[in-house]
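J.: Numbering (the UniProt record's numbering), first residue to last: 1 to 365. Glycine included, C-beta positions come from ideal geometry on N, C-alpha and C. As the structure is a prediction and not an experimental result, all values here were calculated from the model. My questions all concern the structure below.
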């Protein structure tokens, strides 16, 4: 009987939150700001082909189409780093996103190779894992040399060894997990919806991603040097399909983030209503960071938050704050983490040791 009552309370809380979210006016919820960066431009053509196809042109057309599709979602505000064929420095592209306090930064490019290589790949900031990733990063970073005063602006960067520009602090790596999630959505859409060759999500030292302080990805939409793929990328049909896949990935990401952002707050509910919402057989935790660095889970490494739990997932270490079956308690932990500066922290649930989306878990319980 007690279990049934507990589940009923959880259902009421969840249903109330969903109804409140649905009834919100657009002005009540901050716009989800997406900065779309069309690579290259102006006197920087990017990669070229003998047939005259230019990376800068394709990147701009796809970027504008992505923005048009995202603007149909009333929750999203779109900002472009460029809307015409102009040159914008890599540093300024990141500054545009930072000044806008963007939720996402997406840089759109095309690949090239001296063979008939094909396929799409998405990058997040990190150390290059192999020579191929290194060469892609070096090629995109070489735009630096077209900027005025580049020696002063980028004195700390060694383009022959992009790992020199990483210097990631934990706060910068706080966005790595979210960046990987978005990049994965993009690649999933390319593979499943468009049947494109999936070259996967990768890490490399892109200067343009290094400048941003939000989840950021760089998409190599395909190889303009591949005869068939080049025609596809240069066609209206191809650009429309690629833009649609990217926009759908962004909306999917946004909806997941909004679910995690909105549901834990519950400011309109009296405290007594959610004080004892306990979900049996579940453990809720707040993920505050994901990093390739193995840090001691001590309070001094996490702005005074304690206790911190560290777990390794693949090549990343995940850091968690809080461990409870009480959903109300984990909401308070989330608020504490966000107040400390972990703005992208979110609640996750574990059942039988398997990580799940907290809201999905509650909805099904």
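Can the beta-carbon of residue 87 be found closer than 8 Å to that of residue 57?
T.: no
J.: Any idea what DSSP makes of residue 79, helix, strand or coil?
T.: strand
J.: Hey, residue 207 and residue 102: beta-carbon distance below 8 Å or not?
T.: no
J.: Going by DSSP, which residues form a beta bridge with residue 290?
T.: The secondary-structure analysis by DSSP pairs residue 290 across a beta bridge with 318.
J.: Quick one: using the 10 Å Cβ neighbour count with 16 as the cut-off for buried, is residue 281 buried or exposed?
T.: exposed
J.: Less than 8 Å separating the beta-carbons of residue 346 and residue 217?
T.: For the pair residue 346 and residue 217, the CB atoms are not nearer than the 8 Å cut-off.
J.: Is it the case that the Cβ atoms of residue 349 and residue 283 are separated by a distance below 8 Å?
T.: Closer than 8 Å, so yes.
J.: In the structure shown, what three-state DSSP assignment does residue 109 receive?
T.: strand
J.: Rounded to a whole number of angstroms, what is the C-alpha to C-alpha distance between residue 335 and residue 328?
T.: Those two C-alpha atoms are separated by around 11 Å.
J.: Taking the beta carbon of residue 50 as the centre, do at least 16 other beta carbons fall within 10 Å, making it buried, or is it exposed?
T.: Answer is exposed; the Cβ neighbour count stays below 16.
J.: What residue from 285, 219, 312, 226 has the CA that sits closest to residue 118's CA?
T.: 226
J.: Looking only at its chain, what residues have a beta carbon closer than 7 Å to the beta carbon of residue 73, apart from the 5 residues adjacent to it on each side?
T.: 251
J.: In the DSSP assignment, the beta strand (DSSP E) including residue 308 goes from what residue to what residue?
T.: 308-313
J.: Can you check the segment 44-105 for any beta strand (DSSP E) of at least 3 residues that lies completely inside it and give the ranges in chain order?
T.: Correct list: 76-80.
J.: Three-state secondary structure (DSSP) at residue 37?
T.: strand
J.: Can you tell which of 326, 352, 195 has its C-alpha closest to the C-alpha of residue 232?
T.: Looking at the Cα atoms, 195 is the closest of the given residues.
J.: Check residue 203 in the structure and name its three-state DSSP category.
T.: strand
J.: Checking the sheet assignment: what are the DSSP bridge partners for residue 180?
T.: Note: residue 180 sits in no beta bridge, so no partner.
J.: For residue 242, which three-state DSSP category applies?
T.: helix
J.: How is residue 333 classed by DSSP in three states: helix, strand or coil?
T.: helix
J.: Between which two residues does the beta strand (DSSP E) carrying residue 220 extend?
T.: 216-223
J.: When the Cα atoms are used, what is the spatial distance from residue 246 to residue 239?
T.: Straight across, the Cα-Cα distance linking residue 246 with residue 239 is about 11 Å.
J.: Does DSSP put residue 125 in a helix, in a strand, or in coil?
T.: If DSSP states are grouped into helix, strand and coil, residue 125 belongs with the strands.
J.: Let me confirm a value: residue 265 is counted as buried when at least 16 other C-beta atoms fall within 10 Å, else exposed. Which label applies?
T.: For residue 265, the predicted model reports a pLDDT of 34, less than 50, meaning its position is unreliable; a value from the coordinates is still stated below. Result: exposed.
J.: If you run the structure through DSSP and keep just helix, strand and coil, what is residue 247?
T.: helix
J.: So residue 232 is in the alpha helix (DSSP H); what residue range does that whole segment cover?
T.: 227-233
J.: Apply the 10 Å Cβ neighbour rule to residue 215 and answer buried if 16 or more other Cβ atoms are within range, or exposed otherwise.
T.: buried
J.: How big is the Cα-Cα spacing for residue 306 and residue 324?
T.: 14 Å
J.: Do the CB positions of residue 84 and residue 37 come within less than 8 Å of each other?
T.: no
J.: Can you look up residue 369 in the DSSP assignment and give me helix, strand or coil?
T.: The requested residue 369 is not part of the displayed model; the chain covers only 1 to 365.
J.: So what does DSSP say about residue 196, is it helix, strand or coil?
T.: coil
J.: Does residue 352 come out as helix, strand or coil in the three-state DSSP assignment?
T.: coil
J.: Helix or strand or just coil, what does DSSP make of residue 208?
T.: helix
J.: Excluding five sequence neighbours on each side, which residues of the same chain lie with their C-beta closer than 7 Å to the C-beta of residue 372?
T.: Not covered by the structure: residue 372. The range shown for the chain is 1 to 365.
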